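Chains as they are written, first to last, in my numbering: chain A, 447 to 709; chain B, 32 to 169.
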């Protein structure tokens, strides 16, 4: 609310209160700042809402709903649910199952876009580049590019992305994600496509409607929304896993922590 | 006091939501640490490593049993800690510090930091994902 008040005050000062009729002064701030460039996603952003941030004002933009479970085909659903149960039980026992994070492996797509840590968007005429602070992840989205055919798409963590503007919405298609790069332990085939629709909803927020399709594993498209909030004047930190003390117990597969510094 | 209550409530609510949605909180699960049991220790810093994926403090300290041991204390990462006010050189070997930690469930002398009081008396948290202390630091 303080931010809102400050913004209102700044807008009021910029516009010059004395020149305005009283009615306009009472207008909500969104009508005042409607002229921001909706085709500009550049800047540094946090996921929204930010977990455990009691100072965050969530009254202006409603937080997105929880991500639903993947709509896996029946033949894959039971195995996914059994694995989730195993993960929950292991956590309750205090023996969490080692994951890619245990080995300092980056998220890849689409998990990178959850914005675990701050995210920077750089925009040029030919390319939108998204940098995620966690693991120094970089994603390059080429504008108006043609995606490779499935058999030509060399698999990777972030795959191949082509973007285009549809009005004020930045539409991105991504293919070529490695089989073991999984979001929420969800298996996928080489035919998986990640479709994103990014749209600025306020001067300080943009949303990303994500739709994952995969005819081999999903019964229907898997869809959710992420929202990001601007983190003004933020300078991104580097992230190199130079001394990872997490490891998987060779006998149980549980994540463990090595004690003591290396010399 | 009202502010403190609101903050604690927000934290609990957020944790519940995150747990329900299964969303990754950080670099890894914190399930290897005691979920509610926390201990306070004062001791001398043996080593301080400002690095990813985690910052670590090696602390020689006695716990409630009185036995002095070398503890490995896991902190968040430099990015998170910078964002909650830490500085890379605010802790040095031989500093006397007080910590509240959640120890490893295995009983080994390793722990997750919840709150820290450094040599100059300033108190810092360990960032949102690591959670809040449930005992006072002083």
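Every residue, glycine too, gets a C-beta built ideally from N, C-alpha and C. Treat the numbers as computed from the prediction; the structure is a model and nothing was measured.
Interface partners of residue i on chain B, CB under 7 Å
i              : result
residue 444(A) : With chain A covering 447 to 709 only, the question about residue 444(A) has no answer from this structure.
residue 707(A) : 78, 80, 87, 89
Cβ-Cβ distance between residue i and residue j below 9 Å
i              : j              : result
residue 142(B) : residue 542(A) : no
residue 693(A) : residue 83(B)  : no
residue 104(B) : residue 159(B) : no
residue 605(A) : residue 555(A) : yes
residue 100(B) : residue 107(B) : no
residue 510(A) : residue 673(A) : yes
residue 591(A) : residue 580(A) : no
residue 614(A) : residue 572(A) : no
residue 701(A) : residue 60(B)  : yes
residue 540(A) : residue 66(B)  : yes
residue 682(A) : residue 564(A) : yes
Rounded C-alpha distance that separates residue i from residue j
i              : j              : result
residue 9(B)   : residue 151(B) : Absent from the structure is residue 9(B), since the part of chain B shown begins at 32 and ends at 169.
residue 696(A) : residue 544(A) : 10 Å
residue 671(A) : residue 559(A) : 10 Å
residue 471(A) : residue 649(A) : Residue confidence for residue 471(A) is low, a pLDDT of 38 falling below 50, so the modelled location carries little weight; the figure read from the coordinates is stated next. Between residue 471(A) and residue 649(A), the C-alpha separation is close to 19 Å.
residue 514(A) : residue 586(A) : 27 Å
residue 102(B) : residue 657(A) : 46 Å
residue 706(A) : residue 167(B) : 27 Å
residue 711(A) : residue 698(A) : The first residue shown for chain A is 447 and the last is 709, placing residue 711(A) beyond what the model contains.
residue 582(A) : residue 145(B) : 26 Å
residue 139(B) : residue 133(B) : 12 Å
residue 624(A) : residue 598(A) : 13 Å
residue 612(A) : residue 550(A) : 37 Å
residue 594(A) : residue 675(A) : 32 Å
residue 562(A) : residue 568(A) : 18 Å
residue 149(B) : residue 507(A) : 38 Å
residue 691(A) : residue 575(A) : 31 Å
residue 529(A) : residue 535(A) : 10 Å
residue 584(A) : residue 169(B) : 43 Å
residue 473(A) : residue 482(A) : Here residue 473(A) scores only 41 on pLDDT, less than 50, and its place in the model is too uncertain to base an answer on.
residue 81(B)  : residue 109(B) : 7 Å
residue 527(A) : residue 629(A) : 14 Å
Reduced DSSP category for residue i - H, G, I as helix; E, B as strand; rest coil
i              : result
residue 108(B) : coil
residue 64(B)  : strand
residue 539(A) : helix
residue 54(B)  : Residue confidence is low: residue 54(B) scores 38 on pLDDT, short of 50, so the model does not pin down where it sits. Its coordinate-derived value is still stated next. Reduced to three states, the DSSP call for residue 54(B) is coil.
residue 654(A) : strand
residue 81(B)  : coil
residue 616(A) : strand
residue 492(A) : strand
residue 72(B)  : strand
residue 521(A) : helix
residue 114(B) : helix
residue 159(B) : helix
residue 582(A) : helix
residue 527(A) : helix
residue 559(A) : helix
residue 477(A) : Residue confidence for residue 477(A) is low, a pLDDT of 44 falling below 50, so the modelled location carries little weight; the figure read from the coordinates is stated next. Helix, per DSSP.
residue 532(A) : helix
residue 688(A) : coil
Partners in chain A for residue i, counting only beta-carbon separations shorter than 7 Å
i              : result
residue 91(B)  : Residues of chain A passing the Cβ test: none, with the nearest at roughly 12 Å.
residue 136(B) : 540
residue 74(B)  : Chain A residues near residue 74(B): none, gap ~15 Å exceeds 7 Å.
Neighbour list for residue i in chain A, Cβ cutoff strictly below 8 Å
i              : result
residue 69(B)  : None at all; the shortest Cβ gap to chain A is about 15 Å.
residue 146(B) : Residues of chain A passing the Cβ test: none, with the nearest at roughly 14 Å.
residue 169(B) : Those do not exist, as residue 169(B) stays about 22 Å from chain A at its closest Cβ, beyond 8 Å.
residue 113(B) : 683
Beta-carbon neighbours of residue i, restricted to chain A and to distances below 9 Å
i              : result
residue 129(B) : Within 9 Å Cβ-Cβ: nothing; residue 129(B) doesn't reach chain A, min ~21 Å.
Cβ-heavy atom distance, residue i to the ligand ZN, below 8 Å
i              : result
residue 524(A) : The ligand ZN is not part of the structure shown, which contains no ligands of any sort.
Interface partners of residue i on chain B, CB under 9 Å
i              : result
residue 701(A) : 59, 60, 62, 63
Original post:
Should the segment 62 to 74 of chain B be called in touch with the segment 121 to 135 of chain B, which here means at least 3 C-beta pairs below 8 Å?
Top reply: At 8 Å Cβ cutoff, the stretches touch.
**OP:** Specify whether the segment 508 to 528 of chain A and the segment 658 to 665 of chain A touch according to this definition: at least 3 beta carbon pairs, one from each stretch, less than 8 Å apart.
**Re:** Yes: at least three Cβ pairs fall under 8 Å.
Original post:
Would you say the segment 489 to 505 of chain A touches the segment 622 to 640 of chain A, given that touching needs at least three Cβ pairs under 8 Å?
Top reply: The answer is no - the segment 622 to 640 of chain A does not touch the segment 489 to 505 of chain A, with fewer than three Cβ pairs under 8 Å.
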